[in-house]
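First up is the structure itself, then whatever we jot down about it.
Residue numbers (my numbering): 8 to 65.
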């Protein structure tokens with residue numbers, strides 16, 4: 008279980024940094040990019056957790 012939690016943390020950091028970088032690169036500004044990166048990271052990790060925990064397939 009510890010390895011799975013570490014994987015989620017690493018995946019979350021990578022997703023957050025990628026989305027933040029893309030938002031800034033596309034010219035949306037820091038505030039909008041931070042908000043979008045945070046929201047999409049939480050949604051993405053939440054869906055992945057549901058898929059792993061409940062066996063859901065999307």
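Every residue gets a Cβ at the ideal spot worked out from N, C-alpha and C, and that includes glycine.
(1) Taking the CB atoms as reference points, tell me whether residue 45 and residue 30 lie closer together than 8 Å.
(2) Between residue 18 and residue 52, how many whole angstroms is the CB-CB distance? I'm expecting something under 8 Å.
(3) Helix, strand or coil: which one does DSSP assign to residue 25?
(4) Report buried or exposed for residue 14, applying the criterion of at least 16 other Cβ atoms within 10 angstroms of its Cβ.
(5) Using the three-state DSSP reduction, which class does residue 64 fall into: helix, strand or coil?
(6) Give the DSSP-derived three-state secondary structure of residue 36 in the structure shown.
Based on what the coordinates show:
(1) no
(2) 7 Å
(3) helix
(4) Burial call: exposed.
(5) coil
(6) coil
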